[in-house]
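Peer 1:
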Amino acid sequence: MNFLRGVMGGPSAGPQPSGAETIQKLCDRVASSTLLDDRRDAVRALKSLSKKYRLEVGIQAMEHLIHVLQTDRSDSEIIGYALDTLYNVISNDLEEEEQDDSEEENLPKQVDNLGSQFTEIFIKQQENVTLLLTLVEEFDFHVRWPGVKLLTSLLKQQGPQVQQIILVSPMGVSRLMDLLADSREVIRNDGVLLLQQLTKSNAAIQKIVAFENAFERLLDIITEEGNSDGGIVVEDCLLLLQNLLKNNNSNQNFFKEGSYIQRMKPWFEVGDDNCGWSAQKVTNLHLMLQLVRVLVSPTNPPGATSSCQKAMFHCGLLQQLCTILMATGVPADILTETINTVSEVIRGCQMNQDYFASVNAPSNPPRPAIVVLLMSMVNERQPFVLRCAVLYCFQCFLYKNQKGQGEIVSTLLPSTIDGSSVSAGQLLCGGLFSTDSLSNWCAAVALAHALQENATLKEQLLRVQLATSIGNPPVSLLQQCTNILSQGDKIDRRGSKVQTRVGLLMLLCTWLSNCSIAVTHFLHNPANVPFLTGQIAENLGEEEQLVQGLCALLLGISIYYNDNSLENYRKEKLKQLIEKRIGRENFIEKLGFISKHELYSRAAQKPQPSFSSPDHMMFDHEFTKLVKELEGVISKAIYKSSEEDKKEEEVKKTLEQHDNIVTHYKKVIREQDQELEELKQRINTLTSQNEQLQATVTQQVSQIQQHKDQYNLLKVQLGKDTQHHNSHSDTFQMNGIQVEEVSKLKEELEEWKNKHELLQVQLREKDSMIEKLKSSQLEMGTTEQSSQTSKSGGLEHNSELQELEMLRSQIQLQSAEISKLQMENQKLQVMNTAADPVSGGSGATAVNSSELEGRLQQEIRELKSEVKALSEEKESLKQHLDSSSSTVAILQDEKSKLQQEVAESKKEQDDLLVLLADQDQKLSALKIKLKDLGVPVEDEDDIESGDQADEDEDGDEEEQD
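Quick note: the sequence shown uses my numbering, first residue 24, plus one each step.
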């Protein structure tokens, strides 16, 4: 311990050892000591010396410190000291902070080299980085925080190498993502800085970090910190988000699909009082605007940009940006960046462009935002960067926006000029003819964008008349532009005089290109061609060479798009004039000055006009495309002879005729295709209707079957009920059928009883008579008289006996009938008693019978009505089925007719295709002749592909609408 006290500066006897010797002894102590406390003290001493003796500690102690990380992981204190020591050795931040202004200039380079060399030594063994990733997982603050700082420093020194090691390490990126969830803000904030370095220029790691829910966590941190009002942590999170999204289409799509664009809207909520913004708030808002621009950058794929633009409109982000745009008190740099952001959010998106056109500034009376911005653009007192931003915004508003172009040009036409308020067209004309060269250039470029790829507006702009002075007749806008161009240096202007002429020449070239009528108007002024030839023929300085090149381009456009309507300025005469006064080679050389210029190359890189100074503001991005397109064709047109021109004209006419024929046939085919599609759709509709009707019929048939089943079921149930009531049928007959029958039966019974009694009386009389006859027979003698009397009495007795037998048989029959009737009567009485056991009288029986009769009648009526309803429904379903069958037959007839029409259309198409094949053969022969003559001929496939691409883009725009 005395040794350590000496190292740490405590009192000791004898001479003090040098720094290198001390470090060597400490390293030996770390390597050889068996006690953990001794090793820990030695590492702590190395940490204290590592800032002052960085080189010595790095050379001698790095291996020992790495060994400590591997072997002493159980002790967090010694691990923390070792990590801090390695950070001091590898990091350049500490050295840069301690540098004085008096130190040598090459010292920073030495510092950078030292940190890079130590990093290279450390990462030579990939296990060291893997070990460091493991230590970063430790929750102990004294281990995790130094580990994060050390890993960040390694990434700063040797980013790509360390990124590759982390990428191949199992769960390497995921371990580092856990830092964002740490509850300790110091570790979380340094974790954001670590991820910044980790995601630089590495798309693979960017994707992994994004899919590890980085967007959600970072946006949560920004919200917790107060959005734009937050501190430097918000700035770090925004920088990390930029790393993840910039030039990474996959992450951009993931960001949009995850609905994270909607969470950006609260960032741009500003109050009425925008004074006194802190520098940190300005920085944060600037980065937030840049993040929006990353999502809608023109360099992104068009589909991705368009979807982000739509999402920003639907969530209200564009509206919020326009609010900042029109707010007061916003710092100039934030306002400039907001204008650039709005520009790219609306660029090429019809929906957003229409909304921007409807935005009004909060003034009295309200003015359109476009007018207010143009006022700033042509105001020379405004900052240069702000004027450039407004120009870019105007260009983006007009990009692929024919509706907006028409609205701007309409403010210049005589019939629509409103004198009560300043219009966009008036501001552009005012800037075009002001004495400020920058305003001239911006207004000329803005007006050129209003005419971009729109031949109709180029012709309409020829109608614009300008009043130059009182008493003089008005002149056209085209004439005024050429007048200012020809005056050149005579007008006293502020700024570069070349800039004004370059702007006007770009406007004229854009205006005349692909518009023969505008070329004719330009050539109609006899002073224009001599001026152009004079400018091209002169030998001027380097600054004027650019003007000469643009004059050559304008003259070449006047030749290439010349329809030979003016006799004095036909193509051949203009080429002879060039040959005579300039020379073809000299003309081509002057024309090449444009594309060889440095400012041309800069402008061709990106759409946004970004210039270091107003003097460098010469070319527009869209104009560079026009130059690239026309330079070659103009050069070839200059070298063509009159015969070649004639042949070319003939070929062009023939090609136009053939093109018209082809276009006509294409139109016919397109119309037939549309008809076919309509017929197919009609067939599909009819088929679907047929299927629906068949389904309805099937459903109705099933319903009929169900009703039949219900009917049969009710019928069976009714039969069962009838059988159930059969046990009471006699009662029903007595009680319900007729009561009169009962009374009749009673009367008949009484009659039969009376007859029975009468017969009994007669029988008794006959019996007594027989007894008397027997007694008289016994009393009579054997005399003749007695015999004769006996004979007559015997005959009479025989007849009486026969009559008696007949009466007895009749009585027996009557007795049987009586007994039968009595039995029936008893049975009826028993059944009547069972039906109404309570009431014993005939009155109660009659009432009960009437009730039962009513119920039975009611049930029978209900069953009959239900059967009748079912029958009616069955008849209606049969009628509906018959009508459906007739409809199906009609549809089948129509289908057969449509199929016949389709076959005829196919036959017509085959005939048209044969004609087209003949035309294609003729076209190919003509193209071969043209190529033999040296005329450049574009392949029809290229033209078709270009047309198809335009149609696709138009289709995308219509879908966006």
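By construction, the Cβ of each residue, glycine as well, lies at the ideal position given by its N, Cα and C atoms.
For a minimum of 4 consecutive residues, which ranges assigned as the alpha helix (DSSP H) are wholly contained in the stretch 377–433?
Peer 2: Fully enclosed alpha helix (DSSP H) runs of 4 or longer: 392–400, 407–421 and 425–433.
Peer 1: Quick test of your reading: residue 613 and residue 575, contact by CB under 8 angstroms. State the CB separation rounded to the nearest angstrom.
Peer 2: Stepping through the sequence shown from its first residue, residue 613 is reached at position 590. Stepping through the sequence shown from its first residue, residue 575 is reached at position 552. Confirmed, about 4 angstroms.
Peer 1: Residue 485 and residue 541: beta carbons closer than 8 angstroms?
Peer 2: In the sequence shown, the residue the question calls residue 485 occupies position 462. In the sequence shown, the residue the question calls residue 541 occupies position 518. Going by C-beta atoms, residue 485 is nearer than 8 angstroms to residue 541.
Peer 1: Excluding the five sequence neighbours on either side, which residues of its own chain have a C-beta within less than 6 angstroms of the C-beta of residue 422, listed in chain order?
Peer 2: For the purposes of this step, residue 422 is taken as the residue at position 399 of the sequence shown. 370 and 371.
Peer 1: Report the option in 291, 427 and 385 whose CA atom is closest to the CA atom of residue 360.
Peer 2: As a working note, residue 360 is residue 337 in the sequence shown. Of the listed residues, the one whose Cα sits closest to residue 360 is 291.
Peer 1: Considering only C-alpha positions, which residue in the set 286, 433 and 457 is nearest to residue 473?
Peer 2: The residue given as residue 473 occupies position 450 in the sequence shown. Out of 286, 433 and 457, 433 has the C-alpha closest to the C-alpha of residue 473.
Peer 1: Less than 8 angstroms between the C-beta atoms of residue 519 and residue 460, yes or no?
Peer 2: Here residue 519 corresponds to residue number 496 of the sequence shown, with the count starting at 1. Here residue 460 corresponds to residue number 437 of the sequence shown, with the count starting at 1. Contact flag set, yes.
Peer 1: Could you give the distance in angstroms between the alpha-carbon of residue 85 and the alpha-carbon of residue 619?
Peer 2: Here residue 85 refers to the residue found at position 62 when the sequence shown is read from its first residue. Here residue 619 refers to the residue found at position 596 when the sequence shown is read from its first residue. One C-alpha to the other measures close to 55 angstroms.
Peer 1: Look up residue 498 in the DSSP assignment and give the residues it is bridged to.
Peer 2: Your numbering for residue 498 matches position 475 in the sequence shown. In DSSP, residue 498 forms a bridge with 489.
Peer 1: How many Å lie between residue 201 and residue 100 at the Cα?
Peer 2: Against the sequence shown, residue 201 aligns to sequence position 178. Against the sequence shown, residue 100 aligns to sequence position 77. If I take the Cα positions, the gap works out to 22 angstroms.
Peer 1: Quick one: Cα of residue 196 to Cα of residue 264, how far?
Peer 2: As a first step, residue 196 must be located in the sequence shown, where it is residue number 173. As a first step, residue 264 must be located in the sequence shown, where it is residue number 241. Each residue's Cα considered, the two are about 16 angstroms apart.
Peer 1: Where DSSP assigns a beta bridge to residue 517, which residues make up the other side?
Peer 2: As a first step, residue 517 must be located in the sequence shown, where it is residue number 494. DSSP output for residue 517 lists 459 as bridge partner(s).
Peer 1: Entirely within the stretch 316–369 and at least 4 residues each: give me those alpha helix (DSSP H) ranges in chain order.
Peer 2: Fully enclosed alpha helix (DSSP H) runs of 4 or longer: 325–337, 340–349 and 355–369.
Peer 1: Where does residue 62 sit, in a helix, a strand or coil, going by DSSP?
Peer 2: Residue numbering aside, residue 62 sits at position 39 when the sequence shown is read from its first letter. Reduced to three states, the DSSP call for residue 62 is helix.
Peer 1: When you compare the stretch 201–218 with the stretch 165–174, are there three or more beta-carbon pairs, one atom per stretch, that lie closer than 8 angstroms?
Peer 2: Cβ pair count under 8 angstroms is three or more, so yes.
Peer 1: Do residue 376 and residue 424 count as a contact pair if the criterion is CB distance below 8 angstroms?
Peer 2: Residue numbering aside, residue 424 sits at position 401 when the sequence shown is read from its first letter. Residue numbering aside, residue 376 sits at position 353 when the sequence shown is read from its first letter. Going by C-beta atoms, residue 424 is nearer than 8 angstroms to residue 376.
Peer 1: Exposed or buried, residue 229, counting other C-beta atoms within 10 Å across all chains shown (16 or more means buried)?
Peer 2: Along the sequence shown, read from residue 1 onward, the residue named residue 229 stands at position 206. Label assigned to residue 229: buried.
Peer 1: Let's test the definition: count the other Cβ atoms within 10 Å of the Cβ of residue 650 and tell me whether it reaches 16, buried, or not, exposed.
Peer 2: Counted from its first residue, the sequence shown places residue 650 at position 627. So residue 650 counts as buried.
Peer 1: Go to residue 211, then tell me how far its alpha helix (DSSP H) extends in each direction, as first and last residue.
Peer 2: For the purposes of this step, residue 211 is taken as the residue at position 188 of the sequence shown. From DSSP, the alpha helix (DSSP H) with residue 211 extends over 208–221.
Peer 1: Can you tell which of 190, 727, 704 and 139 has its C-alpha closest to the C-alpha of residue 925?
Peer 2: Locating residue 925 in the sequence shown gives position 902, counting from the first residue. Ranking 190, 727, 704 and 139 by Cα distance to residue 925 puts 704 first.
Peer 1: Where residue 991 and residue 533 are concerned, what is the direct C-alpha to C-alpha distance, given to the nearest angstrom?
Peer 2: Here the chain comprises residues numbered 24 to 984, so residue 991 is not present and cannot be evaluated.
Peer 1: How far does the alpha helix (DSSP H) with residue 237 in it reach, from first residue to last?
Peer 2: Start at 1 with the first residue of the sequence shown, and residue 237 comes out as number 214. First-last of the alpha helix (DSSP H) with residue 237: 237–247.
Peer 1: By the DSSP assignment, the alpha helix (DSSP H) with residue 160 in it spans what residues?
Peer 2: Counting from 1 along the sequence shown, the entry for residue 160 is found at position 137. That residue, residue 160, is in no alpha helix (DSSP H); it is neither H nor E in DSSP.
Peer 1: Can you confirm whether the stretch 310–329 touches the stretch 376–389 when touching is taken to mean that 3 or more C-beta pairs between the two stretches lie within less than 8 angstroms?
Peer 2: Touching, no, given that fewer than three Cβ pairs across the two stretches are closer than 8 angstroms.
Peer 1: Go through its chain and collect everything with a Cβ distance to residue 95's Cβ below 6 angstroms, but skip five positions before and after it.
Peer 2: Taking the sequence shown and counting its residues from 1, the one referred to as residue 95 is at position 72. Only 101 meet the Cβ criterion.
Peer 1: Restricting to Cα atoms, I'd like to know which of 279, 353, 283 and 362 is closest to residue 328.
Peer 2: Against the sequence shown, residue 328 aligns to sequence position 305. Taking only the C-alpha atoms, the option nearest residue 328 is 279.
Peer 1: Between which two residues does the alpha helix (DSSP H) harbouring residue 625 extend?
Peer 2: On the sequence shown, position 602 is the one that residue 625 refers to. Residue 625 -> alpha helix (DSSP H) spans 621–626.
Peer 1: Buried or exposed: which applies to residue 758, given that a residue is buried once 16 or more other Cβ atoms fall within 10 Å of its Cβ?
Peer 2: Locating residue 758 in the sequence shown gives position 735, where the first residue counts as 1. Caution applies to residue 758, whose pLDDT of 45 falls short of 50 and renders its modelled position unreliable; the model cannot decide the point.
Peer 1: What residue from 52, 73 and 488 has the CA that sits closest to residue 63's CA?
Peer 2: Translated into the one-based positions of the sequence shown, residue 63 becomes position 40. Answer by Cα proximity: 52.
Peer 1: Relative to the C-alpha of residue 626, which residue among 707, 648 and 615 is closest?
Peer 2: The count along the sequence shown starts at 1 and reaches residue 626 at position 603. It is 648.
Peer 1: Please work out which residues of its chain come closer than 7 angstroms, Cβ to Cβ, to residue 986, disregarding the five sequence neighbours upstream and downstream, and give them in chain order.
Peer 2: An answer regarding residue 986 cannot be provided, because it is not within the stretch 24 to 984 covered by the chain.
Peer 1: Run through DSSP, which three-state label would residue 615 get?
Peer 2: Within the sequence shown, the letter at position 592 stands for residue 615. In the structure shown, residue 615 sits in coil (DSSP, three-state: anything other than H, G, I, E or B).
Peer 1: Evaluate the contact criterion for the stretch 677–686 versus the stretch 943–951: three or more CB pairs, one atom per stretch, below 8 angstroms.
Peer 2: Segments in contact, yes.
Peer 1: Looking at the structure shown, is residue 635 part of a helix, part of a strand, or coil, going by DSSP?
Peer 2: Translated into the one-based positions of the sequence shown, residue 635 becomes position 612. Coil.
Peer 1: Here's a check: name, in chain order, each residue in its chain whose Cβ is nearer than 7 angstroms to the Cβ of residue 93, leaving out the five neighbours to either side.
Peer 2: Position 70 of the sequence shown, counting from 1, holds the residue named residue 93. If we look at residue 93 and ignore the five residues flanking it on each side, its Cβ neighbours are 154.
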